[in-house]
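In our numbering, the protein residues as written are 6 to 100.
Note that the Cβ used here is the ideal one computed from N, Cα and C, for glycine as well.
A quick note: this is a predicted structure, and the numbers were derived from the prediction, not measured.
Notes follow once the structure below has been shown.
Have a look at this one:
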């Protein structure tokens with residue numbers, strides 16, 4: 006997101022069980038042809054200015070789970086399970 010990798014895993018794992026809030030938002034925003042009458046989902050907020058990106062986690066201005074640590078510190082990209090890596094301070098909320 007905004008030049009930073011926020012999640013890594015197999016295509017099947019990412020689509021079946023996204024972990025990072027941005028990945029979850031992207032997957033949820035994919036239109037389902039079987040649900041034509043349902044409104045499309047989207048990630049609120051605006052894409053950040055890449056010349057002057059947000060401090061800490063670049064997704065924090067748009068993230069519903071953002072806290073003070075997200076604003077101040079860039080999250081580490083770390084292994085959360087076999088073959089899955091995520092950059093989020095609050096990964097424990099999603100596992």
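**Request:** Whole angstroms is fine: what's the gap from residue 15's alpha carbon to residue 95's?
**Result:** Indexing the chain shown from 1 puts residue 15 at position 10. Indexing the chain shown from 1 puts residue 95 at position 90. Here the alpha carbons of residue 95 and residue 15 stand approximately 21 Å from one another.
**Message:** Along the chain, where does the beta strand (DSSP E) containing residue 91 start, and where does it finish?
**Reply:** Here residue 91 refers to the residue found at position 86 of the chain shown. Where residue 91 is concerned, the enclosing beta strand (DSSP E) stretches over 89-92.
**Message:** Would residue 85 pass as an interface residue toward chain B - the criterion being a Cβ-Cβ separation below 8 Å?
**Reply:** Protein chains in the displayed structure number just one, and chain B is not present.
**Request:** Return helix, strand or coil for residue 99, following the three-state DSSP convention.
**Result:** On the chain shown, residue 99 is found 94 positions in, with the first residue counted as 1. Three-state result, residue 99: coil.
**Message:** In this structure, how does DSSP classify residue 63 when only helix, strand and coil are distinguished?
**Reply:** Working through the chain shown from its first residue, we reach residue 63 at position 58. In this structure, residue 63 counts as coil in the three-state DSSP scheme.
**Request:** Classify residue 114 as buried or exposed, calling it buried when 16 or more other Cβ atoms lie within 10 Å of its own Cβ.
**Result:** Since the first and last residues shown for the chain are 6 and 100, residue 114 lies out of range.
**Prompt:** In three-state terms, what does DSSP make of residue 76?
**Reply:** Along the chain shown, one-based indexing puts residue 76 at 71. Residue state, collapsed to three classes: helix.
**Cβ-Cβ distance between residue 6 and residue 89 below 8 Å** = For the purposes of this step, residue 6 is taken as residue 1 along the chain shown, with counting starting at 1. For the purposes of this step, residue 89 is taken as residue 84 along the chain shown, with counting starting at 1. Cβ distance not < 8 Å, so residue 6 and residue 89 don't count as in contact.
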